[in-house]
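Residue numbers (numbering that gives the first Met the number 0), protein chains in the order written: chain A, 0 to 422; chain B, 0 to 422. Glycine included, every Cβ here is placed at the ideal spot set by N, Cα and C. It should be emphasised that the depicted structure is a prediction, and the values quoted were computed from it without experimental measurement. Take a look at the structure below.
Number of protein chains: 2
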Amino acid sequence: MSKNPKELLRSLFEAAVASAQPALCLPPFLPKKVEGKLIVIGAGKASAAMAKAVEDNYEGELKGLVVTRYGYNVPCEKIEIIEAAHPVPDTASVTAGRRILEYVKDLGKDDTVLCLISGGGSALMSLPPENMSLEDLQAINKELLSCGATINEMNCVRRNLSQISGGRLAKAIHPAKIINLLISDVPEDEPCNIASGPTVQDKTNLSDALAIIERYKISLPDSAKKYLDSKALREEAVDISGVDISTHLIATPQLALEAAASICRKEGYPTYILGDSIEGEAADVATVIAGISKQIANKSQPFSYPCVLLSGGETTVTLKGDGRGGRNVEFLLSFALAMNGQEGVYALAGDTDGVDGIEEIAGAICDPSTISRAWQKGINPRKSLENNDGHGFFEALGDSVITGPTRTNVNDFRAILINGDAS
Amino acid sequence: MSKNPKELLRSLFEAAVASAQPALCLPPFLPKKVEGKLIVIGAGKASAAMAKAVEDNYEGELKGLVVTRYGYNVPCEKIEIIEAAHPVPDTASVTAGRRILEYVKDLGKDDTVLCLISGGGSALMSLPPENMSLEDLQAINKELLSCGATINEMNCVRRNLSQISGGRLAKAIHPAKIINLLISDVPEDEPCNIASGPTVQDKTNLSDALAIIERYKISLPDSAKKYLDSKALREEAVDISGVDISTHLIATPQLALEAAASICRKEGYPTYILGDSIEGEAADVATVIAGISKQIANKSQPFSYPCVLLSGGETTVTLKGDGRGGRNVEFLLSFALAMNGQEGVYALAGDTDGVDGIEEIAGAICDPSTISRAWQKGINPRKSLENNDGHGFFEALGDSVITGPTRTNVNDFRAILINGDAS
Chain A
0 MSKNPKELLR SLFEAAVASA QPALCLPPFL PKKVEGKLIV IGAGKASAAM AKAVEDNYEG
60 ELKGLVVTRY GYNVPCEKIE IIEAAHPVPD TASVTAGRRI LEYVKDLGKD DTVLCLISGG
120 GSALMSLPPE NMSLEDLQAI NKELLSCGAT INEMNCVRRN LSQISGGRLA KAIHPAKIIN
180 LLISDVPEDE PCNIASGPTV QDKTNLSDAL AIIERYKISL PDSAKKYLDS KALREEAVDI
240 SGVDISTHLI ATPQLALEAA ASICRKEGYP TYILGDSIEG EAADVATVIA GISKQIANKS
300 QPFSYPCVLL SGGETTVTLK GDGRGGRNVE FLLSFALAMN GQEGVYALAG DTDGVDGIEE
360 IAGAICDPST ISRAWQKGIN PRKSLENNDG HGFFEALGDS VITGPTRTNV NDFRAILING
420 DAS
Chain B
0 MSKNPKELLR SLFEAAVASA QPALCLPPFL PKKVEGKLIV IGAGKASAAM AKAVEDNYEG
60 ELKGLVVTRY GYNVPCEKIE IIEAAHPVPD TASVTAGRRI LEYVKDLGKD DTVLCLISGG
120 GSALMSLPPE NMSLEDLQAI NKELLSCGAT INEMNCVRRN LSQISGGRLA KAIHPAKIIN
180 LLISDVPEDE PCNIASGPTV QDKTNLSDAL AIIERYKISL PDSAKKYLDS KALREEAVDI
240 SGVDISTHLI ATPQLALEAA ASICRKEGYP TYILGDSIEG EAADVATVIA GISKQIANKS
300 QPFSYPCVLL SGGETTVTLK GDGRGGRNVE FLLSFALAMN GQEGVYALAG DTDGVDGIEE
360 IAGAICDPST ISRAWQKGIN PRKSLENNDG HGFFEALGDS VITGPTRTNV NDFRAILING
420 DAS
């Protein structure tokens with residue numbers, strides 16, 4: 000245990016982010032040199048960085064077309080990078096979808112398409128069904144969000160109202176081979192849910208989507224009704240079983256947690272991964288994890304201390320105030336309040352994409368003195384939380400964690416170090 | 000593993016409730032026979048049941064006066080039971096406070112006062128400082144709830160604005176001896192927080208309360224200002240170090256969880272107590288515990304399955320709908336939705352007082368078929384959750400857990416059984 004607690008926590012976060020950096024995690028999955036042409040396509044917040052890692056490491060010839068988020072560009076020489084909007088798609092997203100679909104047609108069966116897919120890809124590469132507009136899709140999306148559908152049901156409808164998602168891009172690539180390199184930001188790392196799975200087999204089809212629309216009585220715009228009525232639904236299932244596809248998850252929330260766990264254990268801390276997809280309101284996720292931390296510190300259950308608890312996944316924040324906040328600092332401030340200065344407990348929460356909320360701050364660190372130091376500076380911690388001002392709070396204490404945009408994303412990262420009395 | 004999953008979960012809940020039943024947990028802590036008089040006093044939701052357990056088991060003479068909640072009476076022969084309002088005190092609460100204070104004065108040093116204290120006691124036995132009214136206290140309480148104070152800070156102010164709480168009743172009992180039998184419904188089982196600690200040493204005093212009032216700029220009614228101004232604050236610290244007090248926690252959330260854990264282990268299930276005081280919005284506590292359950296079922300982390308996860312503590316529900324709900328069924332419905340039918344996962348959530356919310360239903364059980372059975376009955380599970388209709392939901396499925404009021408309370412009880420694929 001050579002590092003001090005805050006240094007240790009920072010090194011865990013760095014290890015988690017590094018595990019998802021395309022420059023480090025992509026090269027081992029690159030093919031040596033393919034027979035025919037190598038075509039690189041991709042969509043997602045990490046796809047430009049992934050494209051660069053391909054260019055830097057592939058030995059043969061290649062060309063490509065990849066779409067990423069505005070500001071997430073990484074200059075490449077052979078692969079064209081275009082930019083579009085996220086999370087709400089814009090006309091550049093539709094252009095990207097159309098161009099990429101065009102780009103992969105007319106390939107031969109000796110050719111290989113390397114698909115670089117990461118979170119955000121479905122907004123960045125959008126192509127609604129013929130005669131439907133982006134606005135139509137957004138209207139359906141809005142209804143989906145309020146109808147009581149589960150996230151899996153919403154994803155099913157979204158995937159099936161597209162010319163690209165749910166394996167439709169793979170169908171267009173046929174007869175060329177497909178190598179998928181995926182960076183996951185979704186629970187359970189289901190390939191069909193990462194960027195709506197453009198190049199993997201979907202387990203659902205248009206008639207599943209229709210059943211969900213009926214179950215929740217979603218009112219459809221006329222264009223969607225026409226589309227759904229005009230299709231022979233059963234024949235519409237996207238069957239890509241004939242396509243030669245190999246799929247690799249090159250970075251996932253779980254792999255990021257395992258990377259951090261490996262550092263912890265080297266430092267002598269027993270380490271427990273609570274979950275790679277913990278969800279819920281950030282402030283409440285914090286009180287639960289604080290409850291577990293107190294049980295450890297006070298009763299040595301369910302683990303004895305010293306130890307480290309890791310978790311990933313994406314929390315939510317219901318805005319009540321107008322402070323400068325983000326999911327991770329909201330979590331951390333609520334955690335610090337719940338621990339109420341308990342000795343020996345330290346925590347870090349950060350977004351692996353380096354941007355927690357709208358600030359160029361990845362997250363923050365708290366320690367047993369966090370709450371009392373805030374009061375010394377005239378800051379009322381609970382008021383800061385109520386005002387969703389996590390960044391304002393931790394910046395004032397000098398406890399922000401700043402990495403700059405990492406151009407990759409395996410969701411939130413949380414680490415709790417419990418030294419107990421021993422610290 | 001002889002019991003089926005739902006039977007096992009019910010038996011765990013029964014064991015947890017039984018561990019807190021005065022008839023079972025109180026007798027071992029009764030004195031054999033005291034020298035002088037034995038006087039029984041008490042306040043709390045469990046205090047009538049505790050009084051009955053004393054009458055049924057104490058060998059010598061006794062008399063007493065105890066206050067419980069309307070409807071929580073248990074007829075006794077020698078101990079008078081009075082009833083008052085909870086959670087908002089009424090004039091009967093003030094009468095109870097005054098009568099109990101009167102009841103214990105003029106005792107001798109050979110006499111013993113047996114104090115039966117449980118949750119709810121501070122509302123049921125209320126005596127504001129002289130010249131302050133219940134309304135004054137309620138006005139301060141309302142400001143406390145919205146000012147950003149922590150629960151410990153709020154409790155400090157509440158304890159110190161009273162003629163009974165924070166050890167003041169113990170001071171009145173002196174020179175008689177005190178035996179405290181406590182049933183805890185508070186985090187960390189701090190005796191001074193159980194019913195505001197009328198008969199235990201308080202670590203805070205009136206000047207601490209004043210500092211909190213100043214920190215949060217609580218505006219005080221004139222009566223409170225006069226009270227606080229007129230007292231020589233430093234002399235006001237309630238020092239009861241000269242009183243002969245022995246204190247026993249006869250039932251706690253942790254002991255209830257341990258009782259359930261012992262059943263689980265006998266049935267062959269490794270069992271982990273996540274925390275005895277898990278707090279947060281019920282639906283979000285559920286998504287976190289679901290996240291941990293999925294990690295176990297899918298990745299055998301941080302525990303391998305089969306196993307059981309237990310937790311206690313009191314969650315909260317922010318009402319959005321007008322359904323028939325309670326903290327425990329809100330938790331369970333959110334949990335079932337988050338698990339989305341995952342095979343081999345079963346859960347029970349119940350209030351150990353037998354009353355979850357306003358219904359005479361303690362809680363409910365869910366299994367992998369819960370969500371699909373609801374749909375078969377035409378119930379939209381997410382809409383039920385949004386409408387806070389947990390009782391309506393589980394009653395329709397025949398999965399309510401009904402015990403009747405248990406007349407004790409060690410808070411919420413949650414058990415998750417993870418059989419994984421093996422089930």
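By alpha-carbon positions, which one of the options ends up nearest to residue i?
| i | options | result |
| --- | --- | --- |
| B/Pro-244 | B/Gly-274, B/Thr-402, B/Lys-170, B/Tyr-268 | Just to set this straight, residue 244 of chain B is Ile in the shown sequence, not Pro. It is B/Lys-170 whose Cα lies nearest to the Cα of B/Ile-244. |
| B/Pro-380 | A/Arg-264, A/Tyr-215, A/Ala-260, A/Val-242 | A/Tyr-215 |
| A/Asp-275 | B/Tyr-268, B/Gln-300, B/Val-284 | B/Gln-300 |
| A/Val-409 | A/Asn-140, A/Glu-76, A/Glu-142, A/Val-354 | A/Val-354 |
| B/Ile-81 | B/Asp-89, B/Ala-95, B/Phe-302, B/Thr-90 | B/Ala-95 |
| A/Lys-108 | A/Gly-312, A/Asp-228, A/His-173 | A/His-173 |
| B/Asp-238 | B/Leu-336, B/Leu-273, B/Val-199, B/Asn-72 | B/Val-199 |
| B/Met-338 | A/Ser-117, A/Glu-187, A/Ser-399, A/Ser-310 | A/Glu-187 |
| B/Gly-147 | B/Ala-50, B/Glu-213, B/Gln-137, B/Cys-114 | B/Glu-213 |
| A/Met-49 | A/Asp-105, A/Glu-58, A/Leu-180, A/Pro-30 | A/Leu-180 |
| B/Glu-385 | A/Leu-336, A/Leu-396, A/Thr-149, A/Glu-394 | A/Thr-149 |
| A/Tyr-442 | A/Ile-370, A/Arg-406, A/Arg-326, A/Glu-134 | No answer is possible for residue 442 of chain A: it lies beyond the span of chain A, which begins at 0 and ends at 422. |
| B/Asn-140 | B/Glu-129, B/Asn-130, B/Leu-160 | B/Leu-160 |
| B/Leu-133 | B/Lys-202, B/Asp-89, B/Leu-29 | B/Asp-89 |
| A/Ile-360 | A/Gly-397, A/Gly-340, A/Asp-55, A/Phe-302 | A/Gly-397 |
| A/Phe-412 | A/Phe-392, A/Arg-68, A/Leu-254, A/Gly-290 | A/Leu-254 |
| B/Val-53 | B/Ile-178, B/Asp-350, B/Lys-225 | B/Ile-178 |
| B/Tyr-268 | B/Gly-290, B/Leu-309, B/Ala-281 | B/Leu-309 |
| B/Ile-38 | B/Lys-104, B/Ala-282, B/Leu-219, B/Cys-191 | B/Lys-104 |
| A/Gly-389 | A/Asp-352, A/Asp-221, A/Arg-326, A/Thr-351 | A/Arg-326 |
So residue i contacts chain A; which residues on that side make the cut at Cβ distance below 7 Å?
| i | result |
| --- | --- |
| B/Thr-286 | Glu-278, Gly-279 |
| B/Asp-350 | Result: empty, since nearest Cβ-Cβ is about 17 Å, beyond 7 Å. |
So, for residue i: in the same chain, excluding its five sequence neighbours on each side, which residues have a beta-carbon less than 7 Å away from its beta-carbon?
| i | result |
| --- | --- |
| A/Asn-387 | Val-316, Leu-318, Lys-319, Gly-320, Gly-322, Gly-324, Glu-329 |
| A/Ala-438 | Past the edges of chain A, shown from 0 to 422, lies residue 438 of chain A, and the structure says nothing about it. |
| B/Val-284 | Ile-277, Thr-314, Phe-330 |
| A/Ile-357 | none |
| A/Lys-32 | Glu-58, Gly-59 |
| A/Leu-23 | Ala-17 |
Near residue i, what residues of its chain come up, given a Cβ to Cβ distance below 6 Å and the 5 sequence neighbours on each side ignored?
| i | result |
| --- | --- |
| A/Thr-270 | Ala-260, Cys-263, Arg-264, Val-307 |
| B/Ser-183 | Ile-193, Leu-248, Thr-251 |
| A/Leu-347 | Leu-8, Phe-12, Ile-364, Ala-414 |
| A/Lys-36 | Asp-110 |
| B/Pro-197 | Ile-163, Ser-164, Leu-168 |
Below 8 Å CB to CB, which residues in the same chain sit around residue i once its five sequence neighbours on both sides are set aside?
| i | result |
| --- | --- |
| B/Tyr-304 | Ile-295, Ala-296, Gly-343, Ile-417, Asn-418, Gly-419, Ala-421 |
| A/Ile-99 | Ile-40, Ala-42, Leu-64, Val-66, Met-124, Ile-163, Leu-168 |
| A/Glu-87 | For clarity, residue 87 of chain A is Val in the given sequence; the question names Glu instead. Around A/Val-87: Ala-122, Gln-137. |
Can you pull the chain B residues whose beta carbon is under 8 Å from the beta carbon of residue i, in chain order?
| i | result |
| --- | --- |
| A/Lys-376 | Simply none; closest approach about 14 Å. |
| A/Arg-406 | What A/Arg-406 touches in chain B: nothing, since even the nearest Cβ is about 27 Å away. |
| A/Asp-275 | Gln-294, Lys-298 |
Just to make sure I have the definition right: I need the residues of chain E whose C-beta is within less than 9 Å of the C-beta of residue i. Which are they?
| i | result |
| --- | --- |
| B/Asn-151 | In the structure shown, chain E cannot be found, because the protein chains are A and B. |
Would you mind telling me which residues of chain B sit closer than 9 Å to residue i, beta carbon to beta carbon, in chain order?
| i | result |
| --- | --- |
| A/Ile-272 | Gln-294, Lys-298, Gln-300, Pro-301 |
| A/Lys-382 | Cys-146, Gly-147 |
| A/Leu-336 | Thr-149 |
At 8 Å on the CB atoms, spell out the chain A contacts of residue i, in chain order.
| i | result |
| --- | --- |
| B/Gly-312 | Gly-290 |
| B/Glu-385 | Gly-147 |
By the criterion of Cβ-Cβ separation under 7 Å, what are the contact partners of residue i in chain B?
| i | result |
| --- | --- |
| A/Asp-283 | Gly-279, Glu-280, Asp-283, Val-284 |
| A/Asn-379 | Gly-147 |
Okay, do the stretch 295-302 of chain B and the stretch 316-331 of chain B touch, 3+ Cβ pairs below 8 Å being the bar? Not touching, per the Cβ criterion.
Specify whether the stretch 4-12 of chain B and the stretch 365-375 of chain A touch according to this definition: at least 3 beta carbon pairs, one from each stretch, less than 8 Å apart. Of all C-beta pairs linking the stretch 4-12 of chain B to the stretch 365-375 of chain A, fewer than three are shorter than 8 Å, placing the two stretches out of contact.
Counting pairs of beta carbons, one from the stretch 124-139 of chain A and one from the stretch 68-78 of chain A, are three or more of them closer than 8 Å? These segments do not touch.
Taking any Cβ of chain B, which residues in the stretch 132-143 of chain A have a Cβ under 9 Å from it, in chain order? None of the residues of the stretch 132-143 of chain A has a beta carbon lying less than 9 Å from any beta carbon of chain B.
Selection of the stretch 153-172 of chain A by Cβ proximity to chain B, strictly under 7 Å: Cβ contacts with chain B: none found.
At a CB distance below 7 Å, what residues from the stretch 198-231 of chain B approach chain A? Give them in sequence order. Cβ contacts with chain A: none found.
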